[in-house]
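Student: Protein sequence lines correspond, in order, to chains Y and V. For what it's worth, numbering that gives the first Met the number 0 labels the leading residue of the first sequence as 0, then goes sequentially. For what it's worth, numbering that gives the first Met the number 0 labels the leading residue of the second sequence as 0, then goes sequentially. Backbone N, C-alpha and C fix where the C-beta goes; we use that ideal spot for every residue, glycine too.
There are 2 protein chains.
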Amino acid sequence: MQQEGYQVVTASNGREALFVAREHQPDLIVLDLMMPELDGWEFLRRHRQERNTPIIMLTARIEDMDKVAGLEMGADDYITKPFSPRELVARVRAVLRRLEPAAEKSDLLRAGALELDRAAHTLKKEGKLVELTRMEFDLLNTLMSSPGRAFSRLELLERTQGYAYDGYERTIDVHIKNLRKKIEADSANPLYILTVFGVGYRFNPDL
Amino acid sequence: MQQEGYQVVTASNGREALFVAREHQPDLIVLDLMMPELDGWEFLRRHRQERNTPIIMLTARIEDMDKVAGLEMGADDYITKPFSPRELVARVRAVLRRLEPAAEKSDLLRAGALELDRAAHTLKKEGKLVELTRMEFDLLNTLMSSPGRAFSRLELLERTQGYAYDGYERTIDVHIKNLRKKIEADSANPLYILTVFGVGYRFNPDL
DNA sequence: CGCCCCCGTGAAGAAGTTATGAAGCGCCCG
DNA sequence: CGGGCGCTTCATAACTTCTTCACGGGGGCG
Chain Y
0 MQQEGYQVVT
10 ASNGREALFV
20 AREHQPDLIV
30 LDLMMPELDG
40 WEFLRRHRQE
50 RNTPIIMLTA
60 RIEDMDKVAG
70 LEMGADDYIT
80 KPFSPRELVA
90 RVRAVLRRLE
100 PAAEKSDLLR
110 AGALELDRAA
120 HTLKKEGKLV
130 ELTRMEFDLL
140 NTLMSSPGRA
150 FSRLELLERT
160 QGYAYDGYER
170 TIDVHIKNLR
180 KKIEADSANP
190 LYILTVFGVG
200 YRFNPDL
Chain V
0 MQQEGYQVVT
10 ASNGREALFV
20 AREHQPDLIV
30 LDLMMPELDG
40 WEFLRRHRQE
50 RNTPIIMLTA
60 RIEDMDKVAG
70 LEMGADDYIT
80 KPFSPRELVA
90 RVRAVLRRLE
100 PAAEKSDLLR
110 AGALELDRAA
120 HTLKKEGKLV
130 ELTRMEFDLL
140 NTLMSSPGRA
150 FSRLELLERT
160 QGYAYDGYER
170 TIDVHIKNLR
180 KKIEADSANP
190 LYILTVFGVG
200 YRFNPDL
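Below, the structure is given as structure tokens:
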């Protein structure tokens with residue numbers, strides 16, 4: 000990787016990896032599933048709560064289930080050992096190229112007095128920073144990504160927690176309530192997050 | 000794929016594939032490299048000159064060189080045989096999800112001064128937002144989807160509430176009434192939703 | 001031309017949906 | 001090991017929508 004001009008930092012177990020990832024905020028992570036301390040799955044889960052770094056999974060022997068689970072967990076690609084250096088480089092390049100358009104496409108979503116920074120995972124309202132939990136951020140991000148489009152609670156669950164989840168739909172209501180408390184002037188008369196009765200929620204496109 | 004709700008078209012060689020791809024403009028292509036007439040590589044090269052459809056490559060035995068070449072050629076992912084149906088579905092989903100933000104188009108139904116936005120679940124009349132209940136929205140959506148076609152009350156019940164319903168057909172009348180009050184200038188002389196005496200209702204196709 | 005059936009309509013109760021406060025739980029950090 | 005935070009669940013209140021019903025008027029058919 001270094002020969003190809005990439006900067007590389009390494010970690011030798013999951014716990015260290017979390018630390019290093021926080022510190023260096025890499026553009027991409029090559030993740031071995033077999034690690035002491037805190038395995039790849041656990042790392043992936045925790046890391047995803049903080050950032051959305053592209054991840055290539057790396058493992059000796061992937062069974063069908065693992066492949067599927069990995070892709071569903073949000074890995075962007077994986078490689079099975081043995082692999083050649085060339086292949087690794089090619090895959091890294093492919094993933095980065097693939098995500099490039101999304102990255103340069105303004106990472107700021109604006110609407111009214113709101114400014115959602117997807118890279119920094121922060122929200123500003125009238126220039127002032129508003130603290131959001133991961134759930135709230137994901138919800139707002141989803142809604143603001145397609146202003147006007149109505150999302151069902153199930154869709155929102157999927158988008159915020161990944162696939163194959165079958166939880167209690169009403170959970171969404173609670174997060175919406177909390178989100179409104181943070182961004183709406185009058186929660187009873189929302190300006191940003193609108194309720195679509197019998198369907199779900201949508202973000203006000205006329206701002 | 001069909002069980003998962005995707006529409007599928009197939010081609011059994013590269014030449015046919017080019018034709019089919021032009022015709023149907025699919026959202027994604029699963030491409031086998033081993034094909035008669037015009038192999039996968041050639042198809043990929045030519046197709047790329049026309050469109051930028053996401054492509055998942057499919058092959059029995061991928062050598063290192065091929066992998067690298069494939070990813071560099073611009074395939075978005077690949078699968079090696081044998082693979083499970085689940086894996087294919089998961090990969091297709093992953094690729095589509097990745098590229099989704101670019102795709103979304105709001106589908107609008109227009110007629111006269113009406114503009115029904117099925118994604119947002121809203122109706123605009125002369126540019127002004129009109130509030131619809133879920134029932135009203137579903138009704139109007141059904142009627143406007145096939146302008147001119149007469150729907151019986153039973154059909155409308157089925158379409159708006161799902162099947163296996165045996166309610167009071169006249170319920171529809173009430174919703175039609177309310178709908179007319181919202182969209183017609185003169186409810187007694189409807190312009191949009193016409194009554195078909197003894198049958199049901201239909202949407203005016205001449206607007 | 002008149003009868004009978006069908007549709008339009010207002011109102012009210014029934015049914016369904018959302019908002020909200022509070023409690024429980026698990027996880028992470030110190 | 002305790003505290004704090006965030007996610008989920010639950011119960012309930014407030015609200016919106018749907019269904020039902022009854023009546024009056026209009027349309028179609030003989």
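If you reduce the DSSP assignment to three classes, tell me which class phenylalanine 196 (chain Y) lands in.
Tutor: Taking the first sequence and counting its residues from 1, the one referred to as residue 196 (chain Y) is at position 197. Three-state DSSP puts phenylalanine 196 (chain Y) in coil, outside helix and strand.
Student: By Cβ distance below 8 Å, which residues in the same chain neighbour glutamate 41 (chain Y) in space, the five residues on each side in sequence not counted?
Tutor: Mapped onto the first sequence, residue 41 (chain Y) falls at position 42. Excluding sequence positions up to five before and after glutamate 41 (chain Y), its CB lies within less than 8 Å of the CB of Gly13, all in the same chain and listed in chain order.
Student: Going by the beta-carbon positions, is the gap between proline 25 (chain V) and valine 8 (chain V) smaller than 8 Å?
Tutor: One-based indexing of the second sequence puts residue 25 (chain V) at position 26. One-based indexing of the second sequence puts residue 8 (chain V) at position 9. Cβ atoms of proline 25 (chain V) and valine 8 (chain V): closer than 8 Å.
Student: Are any of the Cβ atoms in chain V nearer than 8 Å to that of alanine 187 (chain Y)?
Tutor: Along the first sequence, read from residue 1 onward, the residue named residue 187 (chain Y) stands at position 188. Alanine 187 (chain Y) is outside the set of residues whose beta carbon lies under 8 Å from a beta carbon in chain V.
Student: Are isoleucine 182 (chain V) and tyrosine 200 (chain V) closer than 8 Å when you measure CB to CB?
Tutor: Mapped onto the second sequence, residue 182 (chain V) falls at position 183. Mapped onto the second sequence, residue 200 (chain V) falls at position 201. Pairing isoleucine 182 (chain V) with tyrosine 200 (chain V) gives a Cβ-Cβ distance that is not under 8 Å.
Student: Flag glycine 147 (chain Y) as yes if its beta-carbon sits less than 8 Å from any beta-carbon of chain V, otherwise no.
Tutor: Your numbering for residue 147 (chain Y) matches position 148 in the first sequence. Yes, glycine 147 (chain Y) counts as interfacial toward chain V.
Student: Could you give the distance in angstroms between the alpha-carbon of proline 53 (chain Y) and the alpha-carbon of tyrosine 77 (chain Y)?
Tutor: Here residue 53 (chain Y) refers to the residue found at position 54 when the first sequence is read from its first residue. Here residue 77 (chain Y) refers to the residue found at position 78 when the first sequence is read from its first residue. Straight-line Cα distance between these residues: approximately 11 Å.
Student: Measure from the C-beta of threonine 141 (chain V) to each C-beta in chain Y and report whether the shortest distance is under 8 Å.
Tutor: In the second sequence, residue 141 (chain V) corresponds to position 142, counting from 1. No, its Cβ sits nowhere closer than 8 Å to a Cβ of chain Y.
Student: Give me the DSSP bridge partner(s) of lysine 176 (chain V).
Tutor: By 1-based counting over the second sequence, the position of residue 176 (chain V) is 177. Lysine 176 (chain V) pairs with nothing; no bridge assigned.
Student: Just how far apart, CA to CA, sit arginine 109 (chain V) and arginine 45 (chain Y)?
Tutor: Position 110 of the second sequence holds residue 109 (chain V). Position 46 of the first sequence holds residue 45 (chain Y). Going from the Cα of arginine 109 (chain V) to the Cα of arginine 45 (chain Y) covers about 47 Å.
Student: Determine whether the beta carbon atoms of phenylalanine 150 (chain V) and leucine 142 (chain V) lie at a separation below 8 Å.
Tutor: Taking the first residue of the second sequence as position 1, residue 150 (chain V) is located at position 151. Taking the first residue of the second sequence as position 1, residue 142 (chain V) is located at position 143. Contact: yes.
Student: Please report whether the beta-carbon of histidine 120 (chain V) lies at a distance below 8 Å from any beta-carbon of chain Y.
Tutor: In the second sequence, counting from the first residue as 1, residue 120 (chain V) sits at position 121. True, the Cβ-Cβ gap to chain Y drops below 8 Å.
Student: Quick one: Cα of alanine 102 (chain V) to Cα of leucine 156 (chain Y), how far?
Tutor: As a position in the second sequence, residue 102 (chain V) is number 103, starting the count at 1. As a position in the first sequence, residue 156 (chain Y) is number 157, starting the count at 1. Bear in mind that a pLDDT of 48 at alanine 102 (chain V), under 50, signals an unreliable position, so the model cannot answer this.
Student: Identify, in the order they occur along the chain, each residue of the same chain with its Cβ nearer than 7 Å to the Cβ of alanine 16 (chain V), setting aside the five sequence neighbours on each side.
Tutor: Locating residue 16 (chain V) in the second sequence gives position 17, where the first residue counts as 1. The beta carbon of alanine 16 (chain V) is closer than 7 Å to those of Ala10, Phe42 in its chain, skipping five residues each way along the sequence.
Student: Report all residues from its chain with a CB closer than 7 Å to the CB of leucine 178 (chain V); omit the five preceding and five following residues, and keep chain order.
Tutor: Along the second sequence, read from residue 1 onward, the residue named residue 178 (chain V) stands at position 179. Hits under 7 Å: Glu135, Leu138, Leu139, Ile192.
Student: Output needed for valine 94 (chain Y): all residues of its chain with C-beta closer than 8 Å, excluding positions within five of it in sequence on either side, in chain order.
Tutor: For this step, residue 94 (chain Y) is matched to residue 95 along the first sequence. Within the same chain, valine 94 (chain Y) has close Cβ partners Leu27, Pro53, Ile55, Asp75, Asp76.
Student: Is it true that the CB of phenylalanine 196 (chain V) sits closer than 8 Å to the CB of glycine 147 (chain V)?
Tutor: In the second sequence, residue 147 (chain V) corresponds to position 148, counting from 1. In the second sequence, residue 196 (chain V) corresponds to position 197, counting from 1. No; because the gap between Cβ atoms is not below 8 Å, this pair is not in contact.
Student: As a quick exercise: from V:Glu49, V:Val29, V:Tyr167, pick the residue whose alpha carbon is nearest that of leucine 57 (chain V).
Tutor: For the purposes of this step, residue 57 (chain V) is taken as the residue at position 58 of the second sequence. Measuring from the Cα of leucine 57 (chain V), the nearest candidate turns out to be V:Val29.
Student: For alanine 89 (chain V), which three-state DSSP category applies?
Tutor: For the purposes of this step, residue 89 (chain V) is taken as residue 90 along the second sequence, with counting starting at 1. Here alanine 89 (chain V) sits in helix by DSSP.
Student: Which residue's Cα is closest to the Cα of threonine 159 (chain Y): Y:Asn51, Y:Asn188, Y:Gln6?
Tutor: As a first step, residue 159 (chain Y) is located in the first sequence; it is residue number 160 there, counting from the start. If we check each option's Cα against that of threonine 159 (chain Y), Y:Asn51 comes out closest.
Student: Can you check whether the CB of aspartate 106 (chain V) is closer than 8 Å to the CB of arginine 96 (chain V)?
Tutor: Residue 96 (chain V) sits at position 97 when you count from the first residue of the second sequence. Residue 106 (chain V) sits at position 107 when you count from the first residue of the second sequence. Not in contact: arginine 96 (chain V) and aspartate 106 (chain V) (Cβ atoms no closer than 8 Å).
Student: Just checking: is the beta-carbon of threonine 9 (chain V) within a distance shorter than 8 Å of some beta-carbon in chain Y?
Tutor: As a working mapping, residue 9 (chain V) is identified with position 10 in the second sequence. No, because no Cβ of chain Y sits closer than 8 Å to the Cβ of threonine 9 (chain V).
Student: Use the C-beta contact count for isoleucine 171 (chain Y): other C-beta atoms within 10 angstroms, 16 or more gives buried, fewer gives exposed.
Tutor: Start at 1 with the first residue of the first sequence, and residue 171 (chain Y) comes out as number 172. Classification for isoleucine 171 (chain Y): buried.
Student: Report the option in Y:Leu113, Y:Ser144, Y:Val129 whose CA atom is closest to the CA atom of leucine 190 (chain Y).
Tutor: Sequence index remark: in the first sequence, residue 190 (chain Y) carries index 191 (1-based). Taking only the C-alpha atoms, the option nearest leucine 190 (chain Y) is Y:Leu113.
Student: Should threonine 132 (chain V) be flagged as near chain Y, meaning a C-beta pair shorter than 8 Å?
Tutor: Here residue 132 (chain V) refers to the residue found at position 133 of the second sequence. Interface residue, yes.
Student: Let me know if arginine 21 (chain Y) comes out buried or exposed under the rule of 16 or more other beta-carbons within 10 Å of its beta-carbon.
Tutor: The residue labelled residue 21 (chain Y) in the question sits at position 22 within the first sequence. Per the 10 Å Cβ criterion, exposed.
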